[in-house]
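This report refers to the structure that appears directly beneath it.
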Amino acid sequence: MLTVEGLRSHYGRIEVLHGIDLHVGPGEIVAVVGANGAGKTTLLRCLSGVQPVTTGTITFRGEPLTQVAAYKRVGRGLAQSPEGRQIFTNLSVEENLRLGAFLFRDDKVVKDMQDTFQMFPVLKEKRNLSAGGLSGGQQQMLAIARALMGRPSCLLLDEPSMGLAPILVQQIFEVVKGLKASDVTVLLVEQNAFGALKIADRGYVLENGKVGMEGAADALIADPRIREAYLGV
Ligand code: ATP
Numbered sequence: 002m003l004t005v006e007g008l009r010s011h012y013g014r015i016e017v018l019h020g021i022d023l024h025v026g027p028g029e030i031v032a033v034v035g036a037n038g039a040g041k042t043t044l045l046r047c048l049s050g051v052q053p054v055t056t057g058t059i060t061f062r063g064e065p066l067t068q069v070a071a072y073k074r075v076g077r078g079l080a081q082s083p084e085g086r087q088i089f090t091n092l093s094v095e096e097n098l099r100l101g102a103f104l105f106r107d108d109k110v111v112k113d114m115q116d117t118f119q120m121f122p123v124l125k126e127k128r129n130l131s132a133g134g135l136s137g138g139q140q141q142m143l144a145i146a147r148a149l150m151g152r153p154s155c156l157l158l159d160e161p162s163m164g165l166a167p168i169l170v171q172q173i174f175e176v177v178k179g180l181k182a183s184d185v186t187v188l189l190v191e192q193n194a195f196g197a198l199k200i201a202d203r204g205y206v207l208e209n210g211k212v213g214m215e216g217a218a219d220a221l222i223a224d225p226r227i228r229e230a231y232l233g234v
């Protein structure tokens, strides 16, 4: 589904990604975890096309993506739910969802909206309310739901648990896990390594702009180095 090879990226003269290799298979949930500043957000920004890639390649569904403009990547089936949610707080919940479907003018948008409301009943309940009035957890659900309205085959999620109370963090991870049933492939970037690896099939640990470790999520959770450095146990 998604393959990244030798990816390097700079801010000005400073290189922050030093040759990342990773892949995400169809239907997988893959977690990218790592400390603050490890390069997780930069990696996702390279994938969605808003951060320049210096060298290396990104291949998506068998086609080169590295030179494709960001706005065209959504049309290819790669959607991002950005860090900090970035929902439109002055618009209603339903208007936010409609914007997620901006590429489509077909009748299926209505059906997609119904499916979305089935997946997120709280959004249906609040569909006519301003998105700014939703709680943090509900706004995160809206950000994910809006990305899904773009009918992605692969969803990039940047820190969906950030800033949420523990009970909501659990809920959001359950929502992400549930995406498997909808055949959506997920690349999940998280500082909450334990929560992310618990729902992931595989994981990558980013350390200072490089992949430090990778493997099956269960194996990473069980690894003493990961437990000590990232899981606090
Ligand atoms: P966080 O969880 O805090 O978002 P991260 O793993 O996502 O961390 P990045 O935000 O990708 O890490 O940052 C990687 C490195 O790039 C850090 O050293 C950071 O200071 C630097 N960096 C990030 N954004 C910029 C920028 N706009 N200009 C210069 N350097 C930046």
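The opening residue of the sequence shown carries number 2 in our numbering; numbering runs sequentially from there.
By construction, the Cβ of each residue, glycine as well, lies at the ideal position given by its N, Cα and C atoms.
Neighbourhood of residue i by C-beta distance below 8 angstroms, restricted to the same chain and skipping five residues each side
i: Ala144; result: Ser82, Pro83, Arg86, Gln87, Ile88, Pro161
i: Val123; result: Gln139, Met142
C-beta atoms of residue i and residue j nearer than 8 angstroms
i: Thr58; j: Glu6; result: yes
i: Leu207; j: Ala39; result: yes
i: Gly210; j: Leu18; result: yes
i: Leu158; j: Val187; result: yes
i: Gly76; j: Leu98; result: no
i: Val177; j: Ile30; result: yes
i: Gly78; j: Pro153; result: yes
i: Ser93; j: Arg128; result: yes
Outcome for residue i when other beta-carbon atoms lying within 10 angstroms are tallied against a minimum of 16
i: Ala201; result: buried
i: Gln140; result: buried
i: Phe61; result: buried
i: Arg106; result: exposed
i: Ala194; result: buried
When the options are compared against residue i, the one with the closest alpha-carbon
i: Ile21; options: Ala102, Val185, Gly213; result: Gly213
i: Leu165; options: Gln192, Leu156, Lys73; result: Gln192
i: Gln172; options: Val31, Thr56, Met120; result: Met120
i: Ala218; options: Leu232, Glu95, Lys199; result: Lys199
i: Lys73; options: Pro167, Gly151, Phe118; result: Gly151
Cβ shell of residue i (< 6 angstroms), same chain only, five flanking positions each side left out
i: Asp116; result: none
i: Ile227; result: Leu221
i: Leu45; result: Leu157, Asp159, Val190
Three-state class that DSSP yields for residue i in the structure shown
i: Glu29; result: coil
i: Thr55; result: coil
i: Met1; result: Since the first and last residues shown for the chain are 2 and 234, residue 1 lies out of range.
i: Leu149; result: helix
i: Ile88; result: coil
Same chain, Cβ closer than 7 angstroms to residue i, five either side skipped, listed in chain order
i: Thr56; result: Gly7, Arg9
i: Thr43; result: Ser10, Val17, Leu18, Gln52
i: Gly50; result: Val69, Ala70, Ala71, Arg74
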